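What follows is a set of notes on a single structure, which appears directly below.
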Amino acid sequence: MSIVGEALRQLRRKPCTVRYPAEKAPVPPRFRGMPAWDMSKCILCVLCQNACPPGAIRLIGKGPEAEIEYLMDRCIFCEECAEVCPKRAIVMSDRFELAGFDRSKMVFRFRKEKEKQPEPPKHSAPTANG
Ligand code: SF4
Ligand code: SF4
């Protein structure tokens with residue numbers, strides 16, 4: 001086929017690229033974004049802390065005051081925490097726009113009483129796994 005013919009053929013095709021971030025494409029099934037805790041299910045057994053390879057999860061305190069601390073800037077999104085949790089209290093969400101300039105905003109604490117976790121920081125730049 002001639003170059004002109006090929007050019008005309010390509011012009012009739014839909015673009016292969018996506019218009020991110022103007023348009024959000026759905027993430028694929030089994031995508032591993034930011035882990036999300038359902039503290040109503042959590043029994044504070046610390047298995048997720050022990051399983052986390054980079055030490056991104058810490059149990060702080062004891063009893064009703066105990067909190068799970070999640071350090072997003074350390075997380076490698078490996079899903080080990082979700083797999084080891086006996087109560088299925090952790091799921092890998094579809095959140096991936098997590099980059100930021102302030103690491104102090106990448107620390108989240110979850111308590112048994114607080115079942116809703118804070119929203120991740122809002123950013124404009126796509127990340128490597130986005
Ligand atoms: S492994 Fe599950 S139940 Fe145990 S502390 Fe972590 S989130 Fe809670
Ligand atoms: S996804 Fe992996 S690195 Fe991130 S908190 Fe869970 S176990 Fe740790």
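So in the numbering used here, spot 106 of the sequence shown is number 106, and the numbers just go up one at a time. We treat Cβ as the ideally placed atom computed from N, Cα and C, and that holds for glycine. On a predicted model such as this, the values are computed, not experimentally measured, just so you know.
Reference residue i, options the options, closest by Cα
i: R111; options: E65, V4, E97, R103; result: E65
i: E80; options: C42, S2, G55; result: G55
i: V49; options: A82, D38, E23, R19; result: According to the sequence provided, residue 49 is Gln. The question's Val does not apply to it. Cα-wise, what sits closest to Q49 is A82.
Helix, strand or coil at residue i [DSSP, three-state]
i: P28; result: coil
i: L59; result: strand
i: I90; result: strand
i: P35; result: strand
i: P15; result: coil
i: V84; result: helix
i: V46; result: coil
i: L98; result: coil
i: E65; result: helix
Beta-carbon proximity check, residue i vs residue j, cutoff 9 Å
i: I43; j: I57; result: no
i: C75; j: P26; result: no
i: F108; j: M92; result: no
i: G33; j: R95; result: yes
i: P86; j: L59; result: no
Inter-residue CB distance, residue i and residue j (contact presumed, cutoff 8 Å)
i: K41; j: A7; result: The pair is not a contact, with the Cβ atoms about 57 Å apart (cut-off 8 Å).
i: M106; j: L71; result: 7 Å
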